[in-house]
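K.L.:
My structure is below; once you've seen it, I'll send some questions.
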Amino acid sequence: MRMQRKIFLSFLLVIALPTLAFCLILLKINGDLIEKRTLDASVIVIQESIKRIETRLEEYHRMTMQIYFNSQLMNALEQAMDEPRPDEELISYCREILKSFVNSDKHLMTANIHTSNMDITEGAGIIMLEQVIEAYDEELNRFPGRLVWVPTTAMSTVFGQDDLYFAASRLLRQSNHTIGRITLVVREAFFHDKEAGELPLKGSRDYIVTAEGLVISSSQTQLTGSSLQKTFFQSVLKDDSGCFISDDGQSYVVHQTSGLTGWTFIRILEKDAVLVHFDSMKDSLFILFGLFILFILTFSYLLSTGLVKPLAALVHQIDYFGEGNLKISQTFPESSTSEIDSLYNSMKAMTGRITTLLEKVTEEEKLKTKAELKALRSQLNPHFIYNTLNTIRWMAAVNSQSNIEETTIALITLMRSASDMERTLIPVEEEVSNIRQYILIQKNRYHDFTLNLEISPEVYKARINKFIIQPIIENSIIHGIRDREIPGIITLQIYKRESEDSEASLEITVVDNGRGFNLSQIRESQEENIESVIHTGIRNIQKRLELNYGRSTQFSIESSPGQGTRVQFTIPWITKEQDLCTM
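In short: position in the sequence shown from 1, add 4, done, that's our numbering.
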């Protein structure tokens with residue numbers, strides 16, 4: 005059996021899996037290569053098409069500049085503005101120039117010069133051309149004298165021909181004011197002319213769009229003049245050029261923006277069309293993979309028949325044990341492999357250890373219950389002390405000893421809070437109240453010090469460990485400001501700190517103007533003196549913070565002789581609805 009398994013594993017690891025991995029890698033490489041070459045070719049085609057189209061469009065640009073730089077014509081047009089009727093010689097001269105434009109380009113349908121008192125057109129006259137151009141007056145006037153490209157739109161000629169045209173228009177300016185406008189109207193078929201830079205249509209959809217998403221030309225003629233979907237066009241406008249996969253994942257989008265016109269040339273390639281030659285290779289690989297799976301399954305079945313029965317029995321025993329039955333069957337079907345027998349024996353040993361452990365836990369629970377009962381009985385002693393202190397309090401009140409009465413009340417409050425073992429966390433408001441009571445008691449002994457509280461109102465409902473601040477304040481009083489000639493000042497600051505990188509935290513700071521101490525000596529001190537006592541108190545606080553909050557807390561202390569002490573620590577922000585278990 006071991007030999008059969010070794011043969012199976014050897015075949016699987018040495019032949020089947022490497023072959024399958026190689027085929028998958030080869031398939032991936034070929035797919036990526038085909039995809040990259042197709043996209044690279046499309047980018048090159050679009051770039052070349054844009055170059056050829058821009059070259060042809062530059063011709064229209066130069067035509068308008070011939071008018072603009074013809075000083076004789078520009079002066080004549082400026083002078084004619086003041087005349088009620090332009091000179092016939094000027095009109096004839098303009099017609100000759102415009103006619104030369106129209107005759108030099110097969111796609112140029114109309115050339116027009118328009119002034120305040122003259123409208124000259126050569127070629128096929130466009131009905132309502134002025135209204136079409138006037139829609140772009142704002143852009144024409146924004147950059148006076150600059151050529152403005154008017155997107156493709158449906159127009160009608162005076163001969164009754166309806167077709168799609170785009171236009172190039174430029175204001176004619178002389179002496180810093182506009183004297184007229186030159187407009188060239190070009191057929192949309194210009195974009196489908198190979199000489200102009202035709203975009204191939206095989207396996208693709210091609211668009212030329214304005215910066216606003218209006219389709220100037222398209223391989224799908226019915227879309228010319230319409231607008232692209234906003235979300236799709238926004239994806240195109242992210243970069244001047246590039247390629248990406250469409251939102252539906254079914255096609256590639258290649259695009260580039262013309263620097264001359266600002267129009268964007270877009271090609272959409274269907275994935276199926278790009279990878280059409282890749283499918284046959286993929287099918288062959290799937291067939292090969294299927295044969296491998298069939299062979300492996302057959303081989304696995306032949307090798308596993310001797311293992312199924314003992315494994316099923318073992319699984320049954322594990323399920324039986326999982327239901328809470330600690331005693332498993334002592335009989336087990338014979339197995340052809342020693343490993344299964346060893347596994348069964350290990351499971352029996354494990355169940356024995358678990359049974360022993362459960363018995364031990366049960367015994368510990370009994371002891372814990374006894375301890376809780378004992379603790380409950382011990383609560384009688386604090387109640388006796390509270391009653392005694394209350395008696396002292398009332399005696400002080402009867403004898404008008406207000407300071408004794410206040411001190412006794414403060415002590416009762418602190419003892420009740422300390423003896424409340426059920427609550428680990430208390431509101432900050434309650435902790436501050438305990439500190440006030442403690443300060444009241446200490447002021448009966450040490451008079452010359454003041455406690456300042458700087459606490460944000462929002463932190464009062466936050467949760468904090470009981471008596472975590474009091475030992476720090478006690479250190480400040482006993483070891484910092486006691487027996488000093490100057491009045492002592494202790495400041496307690498509690499704020500909520502929020503950060504974008506981490507969760508909110510509670511920051512507690514205690515600052516005093518006491519005598520201070522040398523931090524390095526405290527760390528090295530092993531003697532029972534003041535420094536070691538301070539060190540012990542600080543270590544106890546740090547230990548409590550680490551036990552409760554782990555790495556979620558930070559603790560720092562700053563002090564130097566004669567300069568006072570500053571202790572600061574942060575803990576996670578915990579509200580009423582949270583506890584330490586949720587951290």
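For each residue, glycine too, the CB sits at the ideal point set by N, CA and C.
1. If you measure between the beta carbons of Ser556 and Pro576, is that distance less than 8 Å?
2. Using a threshold of 8 Å, state whether the C-beta atoms of Pro155 and Thr214 are closer than that.
3. With DSSP collapsed to three states, give me the class of Ile131.
4. Please list, in chain order, all residues of the same chain as Ala414 whose beta carbon is under 7 Å from its beta carbon, the five residues on each side excluded.
5. For Lys580, collect the residues of the same chain with a Cβ closer than 6 Å to its Cβ; drop the 5 residues on either side in sequence, then sort them by chain order.
6. Between the C-alpha atoms of Cys4 and Thr114, what's the straight-line distance to the nearest angstrom?
7. Kindly list the residues whose CB is nearer than 6 Å to the CB of Leu289, restricted to its own chain and excluding five residues on each side of it in sequence; keep chain order.
8. Would you list the residues sitting across from Val189 in a DSSP beta bridge?
9. Give every residue of the same chain whose Cβ lies closer than 8 Å to the Cβ of Ile590, excluding the five residues on either side of it in the sequence, and list them in chain order.
10. So for Thr214, helix, strand or coil by DSSP?
11. Within the same chain, show all residues whose beta-carbon is closer than 8 Å to that of Met351, passing over the 5 residues directly before and after it, in chain order.
12. Cα separation between Arg357 and Ile468?
13. Would Val136 be called buried (16 or more neighbouring beta carbons within 10 Å of its own) or exposed?
14. Measure the alpha-carbon distance for Leu175 versus Asn79 and round it to whole angstroms.
15. With DSSP as the reference, label Tyr464 as helix, strand or coil.
16. Assess contact between the region 248-259 and the region 177-195, defined as three or more Cβ pairs (one per stretch) separated by less than 8 Å. Is contact present?
17. So what's Ile490 in DSSP terms, helix, strand or just coil?
18. When you compare only the Cα positions, how much space is there between Pro90 and Thr125?
19. Helix, strand or coil, according to DSSP, for Gly554 in the structure here?
20. Between the C-alpha atoms of Asn74 and Thr225, what's the straight-line distance to the nearest angstrom?
21. Out of Asn438, Ile95, Arg501 and Arg427, state which residue places its alpha-carbon closest to the alpha-carbon of Thr411.
22. Between which two residues does the alpha helix (DSSP H) containing His65 stretch?
23. My understanding is that Asn479 touches Gly541, with C-beta atoms under 8 Å, so please give their C-beta distance in whole angstroms.
24. Could you please give the first and the last residue of the uninterrupted alpha helix (DSSP H) stretch that includes Phe269?
25. Are the region 457-474 and the region 419-438 in contact at 8 Å, needing three or more beta carbon pairs?
26. Just to check my reading of the structure: Glu58 and Ser223 have Cβ atoms closer than 8 Å, yes? What is that Cβ distance to the nearest angstrom?
27. What residues are listed by DSSP as bridge partners for His181?
28. Cβ of Phe293 within 8 Å of Cβ of Leu24?
29. Note down the Cα distance separating Ile578 from Glu507, rounded to an integer number of angstroms.
30. Which class does Lys1 belong to by DSSP, given the choice of helix, strand or coil?
31. So, are the CB atoms of Arg519 and Gly554 less than 8 Å apart?
32. Taking a contact to mean a Cβ-Cβ separation below 8 Å, would you say Glu82 touches Ile186 in this structure?
33. Give every residue of the same chain whose Cβ lies closer than 8 Å to the Cβ of Glu62, excluding the five residues on either side of it in the sequence, and list them in chain order.
34. If I follow the unbroken alpha helix (DSSP H) through Phe453, where does it start and stop?
35. Reducing DSSP to helix, strand and coil, say where Gly253 ends up.
36. For a test of the three-state rule: what should DSSP assign to Phe147, helix, strand or coil?
P.N.:
Concretely, from the data shown:
1. Pro576 sits close to Ser556, with the two beta carbons spaced by under 8 Å.
2. yes
3. coil
4. Gln441, Leu444 and Ile445
5. none
6. Only positions 5 to 587 of the chain appear in this structure, which leaves residue 4 out of reach.
7. Cys27 and Leu31
8. Thr114 and Ala171
9. With the chain represented from 5 up to 587, any question about residue 590 goes unanswered, as that position is not in the structure.
10. Correct three-state label for Thr214: coil.
11. Leu318, Gln321, Ile322, Phe325 and Ile332
12. 41 Å
13. buried
14. So the alpha carbons of these two residues sit roughly 15 Å apart.
15. coil
16. no
17. coil
18. 15 Å
19. helix
20. 39 Å
21. Checking every option, the nearest Cα to that of Thr411 belongs to Asn438.
22. Leu21 to Tyr72
23. Going by Cβ atoms, the distance from Asn479 to Gly541 rounds to 5 Å, so yes, they are a contact pair.
24. From DSSP, Phe269 is part of no alpha helix (DSSP H) but of the beta strand (DSSP E) over Thr268 to Glu274.
25. yes
26. About 19 Å; that fails the 8 Å criterion.
27. Gln178
28. Yes, Cβ-Cβ distance for Phe293 and Leu24 is below 8 Å.
29. Their Cα atoms are separated by approximately 10 Å.
30. Outside the shown range of the chain, which is 5 to 587, sits residue 1, and nothing can be said about it.
31. no
32. no
33. Beyond the five residues adjoining it in sequence on each side, Glu62 comes within less than 8 Å, by CB distance, of Leu264 in the same chain, given in chain order.
34. DSSP places Phe453 outside any alpha helix (DSSP H); the residue lies instead in the beta strand (DSSP E), whose first and last residues are Phe453 to Ile459.
35. coil
36. Phe147: coil per DSSP, three-state reduction.
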